[in-house]
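Participant:
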Amino acid sequence: MSSAVRIAVIGAGSAQFSVGLVRDLCLTESLAGSSIAFMDTDIDRLAMIHALAARYVTELGTELRFEQFTDRVEALDGADVVVNTALAGGHQREEDERALLDRLGYYRGLHPAEGFYHQHHLMRAIAQDIARVCPDAWLIQSSNPVFDGCTLMTRETGVKMVGLCHGPFGGIREITTILGLDPDRVSFEAPGVNHCVWMTGFRYEGRDAFPPIDRWIEEESAAYWKRADTHYGHTQLSPAAIHMYRFYGAMPLGDTSRAIWPESWWYHQGLAGKQRWWGETGGFDSEIGWGQYLKRVE
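In terms of our numbering, the sequence shown is numbered consecutively and its last residue is 391.
This is how it looks when you write it as structure tokens:
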């Protein structure tokens, strides 16, 4: 039985996110007949996403209808669900601010402070529009900073919302794969907030599974770290993550080891320091890793 809804995607110009969202919508049979309103201020990117989505739906034979808007209020009109993936000013604004801070002596900027001022203003404006145009809609917050943004928007507007944090699941998958465990027999506890999540409980078939992690660290981690870096270097089982695990007694999940920058500044002392803790590229946030990412999304 289908339940058609109207979904507004704010900041839809991200091919990486929007195409994945379209795929998931197409594979959800209960959403047949729904309409998706793509909204972005970048007309070229918006048109590209709309064309890709239309082709995807045609090839799969799914009943979804797509519209494209550059006006946010028009896109929100009649929405049942709003997905916000917008980045205020895009990556160029981030790069401009980071370059300024680099010149003032702050290596790689004041991560994660740069850009969040603009993000907070944009998030509040979007939430205010939702409260006025489609007050019964649910807002799904995807773009960063999720925790800060959700706190701000609920306090300022009271809109119904949920923030998405998917990093821990990828981290758990990597750990179970490295250890050769059956993921269906794994259970874990991981309290925290977006980009700051810690695994405090890890069990396999009901038994404590931290000892296998400890054995892997002692016997196999050195060889693992010598392998060729993939994409942006090691993250979940990086030297930094293992150092944190030993120091705090809990395993940082996802990108926690590199994302809590102000609280772990000693891992971020120049490119050489980053390479020590995250491998040859220096990790996702280094000038090498971030440069590779920007080339991929251009």
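From the three backbone atoms N, C-alpha and C, an ideal C-beta is built for every residue, glycine too.
As the structure is a computational prediction, the values presented were derived from the model and not from experiment.
So, using beta-carbon positions, are Leu-215 and Ser-235 closer together than 8 Å?
Facilitator: If you number the sequence shown from 1, residue 215 lands on position 122. If you number the sequence shown from 1, residue 235 lands on position 142. No, Cβ-Cβ distance for Leu-215 and Ser-235 is not below 8 Å.
Participant: Quick check on Trp-370: buried or exposed, where buried means 16 or more other Cβ atoms within 10 Å of its Cβ?
Facilitator: The count along the sequence shown starts at 1 and reaches residue 370 at position 277. Trp-370 comes out buried.
Participant: Using only the alpha-carbon positions, how far apart do Ala-302 and Tyr-199 sit?
Facilitator: Residue mapping note: residue 302 aligns to position 209 of the sequence shown, counting from 1. Residue mapping note: residue 199 aligns to position 106 of the sequence shown, counting from 1. Taking the straight line joining both Cα atoms gives about 40 Å.
Participant: Cutting at 7 Å between CB atoms, please list the residues of its own chain near Tyr-297, excluding the five before and the five after it.
Facilitator: Against the sequence shown, residue 297 aligns to sequence position 204. Only Leu-274, Arg-278 and Val-279 meet the Cβ criterion.
Participant: Restricting to Cα atoms, I'd like to know which of Leu-180, Gly-202 and Ala-181 is closest to Glu-190.
Facilitator: In the sequence shown, residue 190 corresponds to position 97, counting from 1. Cα-wise, what sits closest to Glu-190 is Gly-202.
Participant: Pick out whichever of His-288, Thr-293 and Pro-305 has its Cα sitting closest to the Cα of Ile-271.
Facilitator: Within the sequence shown, the letter at position 178 stands for residue 271. Selected option, being the one with the closest Cα: Pro-305.
Participant: On the DSSP letters alone, give me the boundaries of the alpha helix (DSSP H) that Gln-185 sits inside.
Facilitator: The residue given as residue 185 occupies position 92 in the sequence shown. Unbroken alpha helix (DSSP H) run through Gln-185: 183-196.
Participant: Considering only the beta carbon of each residue, do Gly-263 and Gly-347 sit closer than 8 Å?
Facilitator: Here residue 263 is taken as the residue at index 170 of the sequence shown, counted from 1. Here residue 347 is taken as the residue at index 254 of the sequence shown, counted from 1. Result yes, Cβ atoms of Gly-263 and Gly-347 sit closer than 8 Å.
Participant: For the candidate residues Ser-127, Arg-116, Ile-136 and Asp-117, whose alpha-carbon lies nearest to that of Gly-104?
Facilitator: As a first step, residue 104 must be located in the sequence shown, where it is residue number 11. Checked all of Ser-127, Arg-116, Ile-136 and Asp-117; the closest Cα to Gly-104 is Ile-136.
Participant: State the start and end residues of the unbroken beta strand (DSSP E) segment that holds Gln-449.
Facilitator: Any answer about residue 449 is impossible in this case: the structure gives the chain only from 94 up to 391.
Participant: Ignore the nearest five residues each way along the sequence and tell me which others in Arg-158's own chain have a CB closer than 6 Å to its CB.
Facilitator: Locating residue 158 in the sequence shown gives position 65, counting from the first residue. Closer than 6 Å at the Cβ level, and outside the excluded window around Arg-158, lie Ser-128.
Participant: Given that a residue counts as buried once 16 or more other Cβ atoms are within 10 Å of its Cβ, and exposed if not, what is Phe-281?
Facilitator: By one-based count along the sequence shown, residue 281 stands at place 188. Buried is the call here.
Participant: Under a Cβ-count criterion, where at least 16 other Cβ atoms within 10 Å of its own Cβ denotes burial, should Phe-131 be classed as buried or exposed?
Facilitator: In the sequence shown, counting from the first residue as 1, residue 131 sits at position 38. By the 10 Å Cβ count, Phe-131 comes out buried.
Participant: Buried or exposed, going by whether 16 or more other CB atoms sit within 10 Å of the CB of Ser-111?
Facilitator: The residue you call residue 111 lines up with position 18 of the sequence shown. It is buried - the Cβ of Ser-111 has at least 16 other Cβ atoms within 10 Å.
Participant: Within 10 angstroms of its Cβ, does Gln-109 collect 16 or more other Cβ (buried), or is it exposed?
Facilitator: Mapped onto the sequence shown, residue 109 falls at position 16. Exposed, since its Cβ has fewer than 16 Cβ neighbours within 10 Å.
Participant: In or out: Gln-161 buried (at least 16 other Cβ within 10 Å) or exposed?
Facilitator: Along the sequence shown, one-based indexing puts residue 161 at 68. Answer is buried; the Cβ neighbour count reaches 16.
Participant: Nearest by alpha-carbon distance to Gly-171: which of Gln-212, Glu-156 and Val-226 is it?
Facilitator: Walking along the sequence shown from the start, residue 171 turns up at place 78. Checked all of Gln-212, Glu-156 and Val-226; the closest Cα to Gly-171 is Val-226.
Participant: When you compare the segment 230-246 with the segment 165-179, are there three or more beta-carbon pairs, one atom per stretch, that lie closer than 8 Å?
Facilitator: Output reads yes: the segment 165-179 touches the segment 230-246.
Participant: Please list the segments of the alpha helix (DSSP H) lying wholly inside the segment 267-332, counting only runs of 4 or more residues, in order along the chain.
Facilitator: Counting only runs of 4 or more, we get 303-312 and 314-319.
Participant: DSSP three-state label for Ala-101, please.
Facilitator: By 1-based counting over the sequence shown, the position of residue 101 is 8. Three-state result, Ala-101: strand.
Participant: Give me the residue from Pro-284, Ala-283 and Arg-266 with the minimum Cα distance to Pro-276.
Facilitator: Reading the sequence shown from its first residue, position 183 is the one you call residue 276. It is Arg-266 whose Cα lies nearest to the Cα of Pro-276.
Participant: My output table needs one value for Leu-139: the three-state DSSP class, helix, strand or coil.
Facilitator: Along the sequence shown, one-based indexing puts residue 139 at 46. Helix, per DSSP.
Participant: Residues in the same chain with beta-carbon distance under 7 Å from Gly-375, minus the five sequence neighbours each way, listed in chain order, please.
Facilitator: Position 282 of the sequence shown, counted from the first residue, corresponds to residue 375. Answer for Gly-375: Gly-326, Leu-364, Lys-367, Gln-368, Ile-381 and Gly-382, listed in chain order.
Participant: Roughly how many angstroms lie between the CA atoms of Pro-284 and Met-344, to the nearest whole one?
Facilitator: Position 191 of the sequence shown, counted from the start, is the residue given in the question as residue 284. Position 251 of the sequence shown, counted from the start, is the residue given in the question as residue 344. When rounded, the distance between both Cα atoms is 11 Å.
Participant: With contact counted as at least three CB pairs below 8 Å, one residue from each stretch, are the segment 285-292 and the segment 309-317 in contact?
Facilitator: The segment 285-292 is not in contact with the segment 309-317.
Participant: The beta strand (DSSP E) that contains Gln-221, what's its start and end?
Facilitator: The residue you call residue 221 lines up with position 128 of the sequence shown. Unbroken run through Gln-221 is the alpha helix (DSSP H), 209-226; no beta strand (DSSP E).
Participant: List the whole-angstrom C-beta distance separating Trp-231 from Met-254, where the pair is believed to meet the contact cut-off of C-beta under 8 Å.
Facilitator: Numbered from 1 along the sequence shown, position 138 holds the residue referred to as residue 231. Numbered from 1 along the sequence shown, position 161 holds the residue referred to as residue 254. Confirmed, Cβ separation roughly 7 Å.
Participant: Quick check: what's the CA-CA separation for Leu-330 versus Phe-340?
Facilitator: Position 237 of the sequence shown, counted from the first residue, corresponds to residue 330. Position 247 of the sequence shown, counted from the first residue, corresponds to residue 340. When rounded, the distance between both Cα atoms is 15 Å.
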